[in-house]
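Trainee:
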Amino acid sequence: MAKILLVEDEVNIASFIERGLQEFGHEVSVAYDGISGWELVQKESFQLLILDIIMPKLNGLQLCRQYRQLHGYQSPVIMLTALGTTDDIVGGLDAGADDYLVKPFSFQELEARIKALLRRSGSDTSTLVLQCADLTLDPAGHRVIRGDAIIDLTVKEFRLLEYFMQNQGVALSRMNLLKHVWDKDFDTNTNVVDVYVNYLRAKIDKDFEHKLIRTVVGIGYMMEG
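Structure (structure tokens):
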């Protein structure tokens with residue numbers, strides 16, 4: 009299966025997750041604080057990371073940012089958190105995480121998220137360059153360019169844009185975006201999709217005359233050139 013790094017300071021939770029991952033055939037390395045986790049990622053390569061947010065010495069958000077700077081975006085990162093507000097979710101995803109789980113959670117849910125992220129990271133379509141009008145997205149290089157401008161996106165902004173560009177001309181509902189970009193069903197009252205669409209618009213549309221993302225009243229959003 010996958011070589012996974014688990015960084016979790018609560019020993020009982022770390023032991024529970026480690027045993028479950030091993031039962032599914034994963035190779036697991038465990039660190040109990042952010043500094044130890046950082047030392048491991050500098051010496052070894054991992055196919056997926058699971059990081060607790062609140063940890064001593066170096067928290068999960070800081071560790072994720074440092075990991076992205078060192079290794080880029082090839083390996084998915086799942087955040088574990090006791091905090092579940094929209095601001096907390098956005099903060100974790102902005103740090104470079106691909107997904108998050110709010111404690112307490114079932115191991116079956118964690119394994120389902122792992123499988124979804126590993127499928128995505130190993131997809132054959134991940135190297136195809138996408139184009140919409142003068143906007144170009146290069147998945148392999150995690151690069152977005154509009155006109156002559158290089159646009160910096162977080163992991164989740166990048167994935168949201170990629171999904172829009174894969175479905176140009178299609179009206180996408182918020183639930184559709186939650187399912188395919190976040191791989192989950194949120195509380196239907198969440199505004200995380202609207203928050204991220206606004207982030208994306210500010211980066212790819214705000215400074216350009218021709219807007220690519222438009223609101224479809226009563227449905228959601230659509231990208232078209």
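Sequential numbering from 9 applies to the sequence shown in the working numbering. Think of the CB as a built atom: it goes at the ideal place given N, C-alpha and C, for glycine as much as any other residue.
So, for residue 161: in the same chain, excluding its five sequence neighbours on each side, which residues have a beta-carbon less than 7 Å away from its beta-carbon?
Mentor: Numbered from its first residue, the sequence shown carries residue 161 at position 153. Counting only Cβ-Cβ distances below 7 Å, and skipping sequence neighbours, we find 152, 169, 211.
Trainee: When the distance is taken between beta carbons, is residue 177 closer than 8 Å to residue 232?
Mentor: One-based indexing of the sequence shown puts residue 232 at position 224. One-based indexing of the sequence shown puts residue 177 at position 169. Contact: yes.
Trainee: Is the beta carbon of residue 63 closer than 8 Å to that of residue 41?
Mentor: Counting from one through the sequence shown, the residue named residue 41 turns up at place 33. Counting from one through the sequence shown, the residue named residue 63 turns up at place 55. Closer than 8 Å, so yes.
Trainee: Report the three-state DSSP secondary structure of residue 156 (helix, strand or coil).
Mentor: Start at 1 with the first residue of the sequence shown, and residue 156 comes out as number 148. If DSSP states are grouped into helix, strand and coil, residue 156 belongs with coil.
Trainee: Taking 8 Å as the threshold (C-beta atoms), are residue 100 and residue 89 in contact?
Mentor: Mapped onto the sequence shown, residue 89 falls at position 81. Mapped onto the sequence shown, residue 100 falls at position 92. Against a cut-off of 8 Å, the Cβ pair of residue 100 and residue 89 comes out as a contact.
Trainee: State the CB to CB distance for the pair residue 121 and residue 86, rounded to an integer number of angstroms; the pair is presumed to be in contact (CB under 8 Å).
Mentor: Residue numbering aside, residue 121 sits at position 113 when the sequence shown is read from its first letter. Residue numbering aside, residue 86 sits at position 78 when the sequence shown is read from its first letter. Indeed, because the Cβ distance is near 6 Å, the residues count as touching under 8 Å.
Trainee: Less than 8 Å between the CB atoms is what I'm expecting for residue 28 and residue 115, so what's the real figure, rounded?
Mentor: Locating residue 28 in the sequence shown gives position 20, where the first residue counts as 1. Locating residue 115 in the sequence shown gives position 107, where the first residue counts as 1. Yes, they are in contact, since the Cβ atoms of residue 28 and residue 115 sit about 4 Å apart, within 8 Å.
Trainee: Residue 43 lies in the beta strand (DSSP E); which residues open and close that run?
Mentor: In the sequence shown, counting from the first residue as 1, residue 43 sits at position 35. No beta strand (DSSP E) holds residue 43; the alpha helix (DSSP H) holding it covers 42-51.
Trainee: Here's a check: name, in chain order, each residue in its chain whose Cβ is nearer than 7 Å to the Cβ of residue 213, leaving out the five neighbours to either side.
Mentor: Numbered from its first residue, the sequence shown carries residue 213 at position 205. Cβ neighbours of residue 213 beyond the five flanking positions: 219, 220, 221.
Trainee: Mind pulling the alpha helix (DSSP H) runs of 4 or more residues that sit fully within the stretch 165-233?
Mentor: You should have 182-189, 200-212.
Trainee: Go to residue 22, then tell me how far its alpha helix (DSSP H) extends in each direction, as first and last residue.
Mentor: Working through the sequence shown from its first residue, we reach residue 22 at position 14. Residues 19-31.
Trainee: So is residue 127 buried or exposed if we call it buried at 16+ other beta carbons inside 10 Å?
Mentor: Counting from one through the sequence shown, the residue named residue 127 turns up at place 119. Residue 127 should be labelled exposed.
Trainee: Taking 6 Å as the limit between beta carbons, can you name the residues of its chain near residue 185, skipping five residues before and five after?
Mentor: As a first step, residue 185 must be located in the sequence shown, where it is residue number 177. The answer, listed in chain order, is 201.
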